[in-house]
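Asker: Structure incoming, see below.
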Amino acid sequence: MARPRSTLISIEDTPFYHCISRCIRMAWLTGVDRYSGKSYEHRREWVESRILELAQIFAIDVAAYAVMSNHLHLVLRVDIFEANSWTDKEVVAHWHQLFKGTEVTQKFAKGELVESFEVKALKHSIAQYRSRLSDISWFMRCLNEPIARQANKEDNCTGRFWEGRFKSQALLDEAAVLACMAYVDLNPIRAKMAATPETSDFTSIQRRITAVCNGEQPKSLLPFVGNERKDMPKGLMFSAKDYLQLVDDTGRIIRDDKRGAISQTSQLILDRLNIPQANWLKLTTEFSRLFKGPVGTLQELDAYCEHLDRKRRQGAANCHRWLDSA
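No gaps in the numbering here: position 39 of the sequence shown is 39 in the UniProt record's numbering, and each next residue is one more.
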């Protein structure tokens with residue numbers, strides 16, 4: 001039986017989550033339909049643009065994404081602190097970029113007088129919006145629904161475009177986050193949709209590579225901020241160049257037509273994560289098959305299950321084998 005989202009999310013244990021949405025019809029999300037020969041490649045831009053737009057509206061950062069032929073992958077980081085730091089007007093302004101809100105919130109946003117009898121309703125709406133703007137389910141809803149409407153209009157049909165529920169799994173530690181990001185970034189290469197990370201269109205890895213070539217990092221993605229230090233900014237605790245090198249090394253190894261090896265720089269990252277090379281290659285090629293639930297060391301998994309009052313540690317054997325075996 002499927003679990004409610006509230007029993008899968010534990011911000012106390014981790015802000016990072018891997019989400020997957022799949023199309024329910026034979027018609028493809030993007031690419032060329034092998035049955036009809038019709039190209040849906042333009043839909044990639046719909047999806048990517050919407051992901052990057054939502055990253056600026058929600059208190060949720062996008063760490064990685066890949067738009068595939070009939071599904072999409074996201075690695076998201078929930079930022080409760082950002083949501084709580086917004087003023088009431090900022091919360092309403094963010095929400096109104098997505099929905100009309102209520103008559104009272106519209107008055108409040110315009111700076112008009114809010115009557116005393118309307119204050120309670122206004123405060124309730126603001127509290128609700130603040131909560132939703134840091135909610136993964138609302139993020140995915142705001143991503144999937146507009147894409148479904150556009151696709152149905154283009155296909156001249158009605159009904160579901162996506163599976164009823166998106167899949168979500170908690171990434172409980174640094175190793176799980178980085179392995180899942182690399183798995184997502186390498187999806188087009190494993191699927192033979194691209195030969196190299198830099199040619200993987202409509203993916204976070206291509207966006208990061210383009211930015212690094214210009215000496216920058218993408219403003220729409222969760223940045224890499226280097227090694228952990230005092231008063232460090234929000235981001236991933238690696239350097240962008242080191243991560244890109246690790247993904248490139250891994251991609252060369254998993255391709256049949258390339259001779260690849262883990263470089264010294266990449267090996268230092270794996271050593272820090274305490275992941276042997278063989279385990280890393282397994283994780284970055286079979287992540288979704290190996291793990292159906294939360295991912296992390298047994299210690300992190302135990303804490304996560306305890307906080308959510310879950311007696312069964314789903315996936316404990318594979319977590320131990322691939323993340324605790326060094």
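We put the beta carbon where it would ideally sit given N, CA and C, even for glycine.
Work out the CA separation of Asp201 and Met1 for me, nearest whole Å.
Answerer: Per-residue confidence for Met1 stands at a pLDDT of 49, beneath the threshold of 50, marking its modelled position as unreliable; the derived number appears in the next sentence. Distance between the alpha carbons of Met1 and Asp201 is about 36 Å.
Asker: Would you identify the three-state DSSP class for Thr203, choosing helix, strand or coil?
Answerer: strand
Asker: What beta strand (DSSP E) runs, 3 residues minimum, are completely inside the region 46-111?
Answerer: Every beta strand (DSSP E) of 3 residues or more that sits fully in the region 46-111 is shown, in chain order, as 60-67 and 71-78.
Asker: Rounded to the nearest angstrom, what separates Asp173 and Ser116 at their Cα positions?
Answerer: Each residue's alpha carbon lies about 47 Å from the other.
Asker: Looking at C-beta atoms only, is the number of pairs between the region 43-59 and the region 131-148 that lie closer than 8 Å three or more?
Answerer: yes
Asker: Could you tell me whether the Cβ atoms of Ser18 and Leu244 are closer together than 8 Å?
Answerer: One detail in the question is off: residue 18 reads as His in this sequence, not Ser. The answer is no: Cβ separation not under 8 Å.
Asker: What distance in whole Å lies between the Cβ atoms of Ala261 and Asp249, which are believed to be in contact at a cut-off of 8 Å?
Answerer: Contact flag correct, Cβ pair sits at about 7 Å.
Asker: Consult DSSP for Phe16 and reduce its assignment to one of helix, strand or coil.
Answerer: Phe16: strand per DSSP, three-state reduction.
Asker: Can you give the Cα-Cα distance for Ile269 and Glu286, rounded to whole angstroms?
Answerer: So the two alpha carbons sit approximately 20 Å from each other.
Asker: Give a single yes or no on whether Ser116 has its beta carbon closer than 7 Å to a heavy atom of the ligand HEM.
Answerer: Inclusion of the ligand HEM in the displayed structure is not the case, the ligand content being empty and no account of it being possible.
Asker: Can Ala194 and Pro188 be called in contact, C-beta distance under 8 Å?
Answerer: Annotated as proximal: Ala194 and Pro188, with beta-carbon spacing under 8 Å.
Asker: Please determine, among Leu222, Lys123 and Lys120, the residue with the shortest C-alpha to C-alpha distance to Asp79.
Answerer: Leu222
Asker: Just mark Glu124 as buried or exposed, buried being the case when its beta carbon has 16 or more other beta carbons within 10 Å.
Answerer: First, the residue type needs correcting, since residue 124 is His and not Glu in the sequence shown. Under this definition His124 is an exposed residue.
Asker: Suppose you measure from the CA of Trp280 to the CA of His42; what does that come to, to the nearest Å?
Answerer: 34 Å
Asker: Under a three-way DSSP split, which group does Leu323 fall into?
Answerer: helix
Asker: Which ranges does the beta strand (DSSP E) cover as unbroken runs of at least 3 residues, wholly within the region 255-280, from first to last along the chain?
Answerer: Restricting attention to beta strand (DSSP E) runs no shorter than 3 residues, the region 255-280 encloses none.
Asker: Restricting to Cα atoms, I'd like to know which of Glu145, Asp309, Asn214 and Leu52 is closest to Ser220.
Answerer: The residue from Glu145, Asp309, Asn214 and Leu52 with its alpha-carbon nearest to that of Ser220 is Leu52.
Asker: Report the three-state DSSP secondary structure of Ala303 (helix, strand or coil).
Answerer: helix
Asker: Between Ser137, Leu122 and Glu48, which has its C-alpha nearest Lys89's C-alpha?
Answerer: Leu122
Asker: Grab the span of the alpha helix (DSSP H) containing Ala182 for me, first residue to last.
Answerer: Glu174 to Asp185
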